[in-house]
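The next block holds one structure in the form of structure tokens; read it before the comments.
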Amino acid sequence: MVHWDATEKQTITSFWGKVDLAADGEHSLQRLLYVYPWCRRYFHKFGDLSTISAIRKNSHVRAHGHKVLSALGDCVPHLGDIKGHLAQLSKLHCETLHVDPANFCLLGQIITIVLASRFGAAFTPEVQACFEKLVGVTAAGLSSQYH
Amino acid sequence: MVLWDAAEKKVIASVWAKVDIEADGFQALLRTLHVYPWTKRYFSHFGAMSTLKDIESNPKVRAHGRKVMAAVGDAISHMDNIKGHLSQLSQLHSDKLHVDPANFELLGNNIVIVLAAKFGADAFTPEVQATFQKLVAVISSALTREYH
Chain A
684 MVHWDATEKQ TITSFWGKVD LAADGEHSLQ RLLYVYPWCR RYFHKFGDLS
734 TISAIRKNSH VRAHGHKVLS ALGDCVPHLG DIKGHLAQLS KLHCETLHVD
784 PANFCLLGQI ITIVLASRFG AAFTPEVQAC FEKLVGVTAA GLSSQYH
Chain B
-3 MVLWDAAEKK VIASVWAKVD IEADGFQALL RTLHVYPWTK RYFSHFGAMS
47 TLKDIESNPK VRAHGRKVMA AVGDAISHMD NIKGHLSQLS QLHSDKLHVD
97 PANFELLGNN IVIVLAAKFG ADAFTPEVQA TFQKLVAVIS SALTREYH
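Chains as they are written, first to last, in our numbering: chain A, 684 to 830; chain B, -3 to 144.
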């Protein structure tokens, strides 16, 4: 079980309140698909993702980015049991979506970079440490039901 | 051999011209030490680093951050043969410093995060990000090359 002290919980909750799920989610997914092009393999049904322009204009990317970042946000009220909270989503990614779990860490890294670019100096080392812990725990939670 | 197209070279040159070797290097190293605390093990001779305040006020961290960032800048000046250019430094990290090469990626990620925070989303576009992620990956790989 992952432990979060009071300062970490407060840092995450207060920081998450300023995240723009739609815009930050969209930019995160765009950058994942551009920087790690093999990820496009999971999104054939989105249509054209062949260039950064195509990725930027793609409305499925916008919608799905929002969905993914919202799911990360849903973990924040469940910090005490992210693994349990994500069990079903983990099964889905393993059994139905067949996603290589290494990609969860990549997306976590990309979300961190997007938030750093948006918050600038407000993305302090303390905020960064809490946030990287959150995405690390989330990636582990999403991998936990893989078999 | 790693190939860099004209657009990538231009992005790197233009971003690097605005990098503050001391301030940005310091931020990248301090974040690595704070977010990945096991890395402090390599710097026990730096003195107090047990809290973020200690790390932030440690002059050796500042000096070393500058040194590391200057080395990245040197690698950029030898972009067409980063592997060859870093071969001695790779041997040093393997034979003398005994650094787990997984840590090169962690520091590389923090360099990208520091630049993202400094330049903001409008300037640190996906294309700029991809180019810098490629650069830090190439540098990590070159620093690992002489390990045995």
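Idealized CB from N, CA, C, for every residue including glycine.
Just so we're clear, the structure is a prediction, and the values are computed from it rather than from any experiment.
- Residues 75 of the same chain have their beta carbon placed closer than 7 Å to that of residue 0(B), with the five preceding and five following residues left out of the count.
- Residue 102(B) sits away from residue 38(B), with the two beta carbons spaced by 9 Å or more.
- Using a CB distance cut-off of 9 Å, residue 11(B) does not count as an interface residue toward chain A.
- Against residue 105(B), the close residues of chain A are 792, in the order they occur along the chain (beta-carbon pairs closer than 7 Å).
- Residues of the same chain with a CB within less than 8 Å of the CB of residue 756(A), apart from the 5 flanking positions on each side, are 699, 702 and 704 in chain order.
- Taking all protein chains in view, the Cβ of residue 122(B) is crowded by 16 or more other Cβ atoms within 10 Å, so the residue is classified as buried.
- At a C-beta separation below 9 Å, residue 30(B) has these neighbours in chain A: 808, 809, 811 and 812.
- Identification of residues in the region 121 to 134 of chain B having a C-beta nearer than 7 Å to some C-beta of chain A yields 122, 123, 125, 126 and 129, given in sequence order.
- Taking a contact to require three or more Cβ pairs closer than 8 Å, the region 54 to 62 of chain B and the region 99 to 119 of chain B do not qualify as touching.
- When DSSP assignments are scanned along the region 721 to 767 of chain A, the uninterrupted stretches of alpha helix (DSSP H) that are 4 or more residues long and fall wholly within it turn out to be 735 to 740 and 742 to 758.
- Taking a 10 Å sphere around the C-beta of residue 45(B), we find 16 or more other C-beta atoms and assign the residue as buried.
- For residue 100(B), no CB of chain A lies under 9 Å from its own CB, so it is not counted at the interface with that chain.
- In the structure shown, residue 47(B) falls within a coil segment according to DSSP collapsed to helix, strand and coil.
- The beta carbon of residue 115(B) falls within 9 Å of a beta carbon belonging to chain A, placing the residue at that interface.
- In this structure residue 749(A) is buried. Its beta-carbon is surrounded by 16 or more other beta-carbon atoms within 10 angstroms.
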